[in-house]
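Novice: Pasting in a structure now, in structure tokens, and then I'll have a few things to ask.
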């Protein structure tokens, strides 16, 4: 009796093992397929599937902080070109969420269509800047940045790990920049190229602390830093619900200082990019396009989006 | 006797199956790992391994044509920024080979270091433009483009499937553009945004043939097209070993026509991008940087590459 039991057991055991292994393989295969799709769709080559690229992104509660890049944008000839090269960069940043805020009364068709095909997880907002604020000497994109901060405060909680960065649409970003800023605990800073009338501006660091600013323009600013030169942990944005970019009394070039002094002090800044000795982002500016030969009336036989 | 044989067979069979399956899984896992590395290294996040990113790229004899993008470049404040965003785009194009040609007497350290870390298969060349050709009214980058054509003729044969494209370093490229040009049999053309004083220029197509040019500038040019608006099959470059960009008597804006009339006719052009109705590349231009506050002597305590 005992011998029959053992022989049955040993005949059944391997078959049970086979079934377990085969089930295990099937799970692995589908996860491999998902991984491949993930990269392919990020690379923009795969037929797009229903991924979390809509306007209601999944909440990420994992340990890796999501980088929330806030990009104000407005209608102009180079807009789609600028967004195209930005998306080409952002598509390669893992755990990334792009908050695109249009200066308009509505979602424009161009930006909506663009984002739907960009292959970058995103949220599409719009905030119109009143005409009285659109003058020379007035800081720009204030309403759009504040709109994005409002969205974060409404849709994210302290349980979401995240880092907030203001990514204007004409700058140039290296991929390394995003890995540097991802470890931001409170507020981090780094050099910015081609800004302030110099090859670069940077925080001066001694013993791991920011002690001053290397800049060619108004070194007396409390935080002599460009919008592209700092990132803020999402926690800090949520803990300071009234921290916003100032419209009243604000001067161009003081936006960064006005905002940062609401949430941090110079002593508490965390230097990134090898103690602020590497330029990983450049304040490039795109030339205004010459449209001198653009016909007054539509001459072409088709309408072409540019 | 027979029963003993069967029972042994049925006991051994499943164990043999288990061994086969386990070996199979191991092979799959390592291939999965390789796939992941491939994408990660393309995304520039993985520790770099010895990939074909050196100056002696592997010859590709497969069916998928390699896109050879020829980028002339020269030392200036925005150079590294421009190359950074170009690499961010090109990194996502499969079967791609970047031919970067510096206008200098030697490989500059900045470009060499940049290419070594860019994660894009490349060849690094340099050709110096004599000072007498560096004047307003003279076409630019002639020597560099010809240098790259010479390299292709010396290092590629008719057995290599390829498509040659002139990718200036300040333009903006969508990923779709490269998939459009990849099927170029002889010479293909498409619209270019923000050029010729208009929102876009494009070849006018009727019944699949180019019959004219929609342009705001010198519509009498034989090929009224920007450098970013065409691609040439590698075969055509090799079949016409003397086809080059003209230096003597050349005028700016006529470079494209001078080159194209050596290798094709308007009737033979292959329209891409939905019969030339989509803008997939933009002739963006980056503003010259204001370095008005750059100190005459080095003031910072460290040297920082920008």
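Chains as they are written, first to last, in this note's numbering: chain B, 1 to 306; chain X, 1001 to 1306.
Virtual Cβ for every residue (Gly too), placed ideally from N, Cα, C.
Less than 8 angstroms between the C-beta atoms of residue 1153/X and residue 286/B, yes or no?
Specialist: Not a contact, by the Cβ cut-off of 8 angstroms.
Novice: Would you give the residue range spanned by the beta strand (DSSP E) that residue 1194/X belongs to?
Specialist: 1192-1195
Novice: Excluding the 5 residues preceding and the 5 following residue 1243/X in the sequence, name in chain order all residues of the same chain whose CB lies nearer than 6 angstroms to its CB.
Specialist: 1262, 1263.
Novice: Under 8 angstroms between C-beta atoms, does residue 1238/X make it to chain B?
Specialist: no
Novice: Taking only the alpha-carbon atoms, compute the straight-line gap between residue 80/B and residue 298/B and give it to the nearest angstrom.
Specialist: 20 angstroms
Novice: Output yes if chain X places a C-beta closer than 8 angstroms to the C-beta of residue 198/B; else output no.
Specialist: yes
Novice: In three-state terms, what does DSSP make of residue 125/B?
Specialist: strand
Novice: Considering just the uninterrupted stretch of the beta strand (DSSP E) at residue 249/B, what are its terminal residues?
Specialist: Per DSSP, residue 249/B belongs to no beta strand (DSSP E) and is neither H nor E.
Novice: For the region 72-91 of chain B, which residues have a CB atom closer than 8 angstroms to at least one CB atom of chain A, in sequence order?
Specialist: Note that chain A does not occur in the displayed structure, where the protein chains are B and X.
Novice: Short check: CB of residue 216/B to CB of residue 1293/X, under 8 angstroms?
Specialist: yes
Novice: Using only the alpha-carbon positions, how far apart do residue 11/B and residue 1011/X sit?
Specialist: 6 angstroms
Novice: Quick check on the burial criterion: 16 or more other C-beta atoms within 10 angstroms. Buried or exposed for residue 1296/X?
Specialist: exposed
Novice: For residue 1149/X, which residues in the same chain have their Cβ closer than 7 angstroms to its Cβ, ignoring the five residues on either side in sequence?
Specialist: 1237, 1244
Novice: Would you mind stating whether residue 168/B and residue 224/B have Cβ atoms separated by less than 8 angstroms?
Specialist: no
Novice: With a cut-off of 8 angstroms, do at least 3 Cβ pairs link the region 90-102 of chain B to the region 110-119 of chain B?
Specialist: The region 90-102 of chain B vs the region 110-119 of chain B: in contact.
Novice: Within the continuous alpha helix (DSSP H) that includes residue 237/B, where are the two ends?
Specialist: 234-239
Novice: Please decide whether residue 108/B counts as near chain X, where near means a Cβ-Cβ distance under 8 angstroms.
Specialist: no
Novice: In chain order, what residues of the same chain lie with their CB nearer than 8 angstroms to the CB of residue 1057/X, ignoring the 5 residues before and after it?
Specialist: Summary for residue 1057/X: the model assigns pLDDT 45, below 50, so the residue's position carries little reliability; its value from the coordinates is reported in the next sentence. Excluding residues within five positions, the ones whose Cβ falls inside 8 angstroms are 1097, 1121, 1122, 1123.
Novice: In angstroms with no decimal places, state the Cα-to-Cα distance between residue 1300/X and residue 272/B.
Specialist: 18 angstroms
Novice: Taking 8 angstroms as the threshold (C-beta atoms), are residue 191/B and residue 279/B in contact?
Specialist: yes
Novice: Cutting at 8 angstroms between CB atoms, please list the residues of its own chain near residue 240/B, excluding the five before and the five after it.
Specialist: Correct list, in chain order: 262, 263.
Novice: Using a Cβ-Cβ distance cut-off of 8 angstroms, determine whether residue 285/B contacts chain X.
Specialist: yes
Novice: Identify the contact partners of residue 194/B in chain X, using a Cβ-Cβ distance below 9 angstroms as the criterion.
Specialist: 1077, 1078, 1081, 1289, 1290, 1291, 1306
Novice: Can you give the beta carbon distance from residue 164/B to residue 232/B, rounded, assuming they're within the 8 angstroms contact cut?
Specialist: 5 angstroms
Novice: According to DSSP, which residues form a beta bridge with residue 97/B?
Specialist: Paired residues: 68/B.
Novice: If you drop the 5 nearest sequence neighbours on each side, which residues of the same chain put their C-beta closer than 6 angstroms to that of residue 77/B?
Specialist: 289
Novice: Residues of chain X with a CB under 9 angstroms from the CB of residue 216/B: which are they?
Specialist: Residues of chain X passing the Cβ test: 1291, 1292, 1293, 1294, 1295.
Novice: Can you tell me where the alpha helix (DSSP H) with residue 209/B in it begins and where it stops?
Specialist: Residue 209/B -> not in any alpha helix (DSSP H); beta strand (DSSP E) instead, spanning 209-214.
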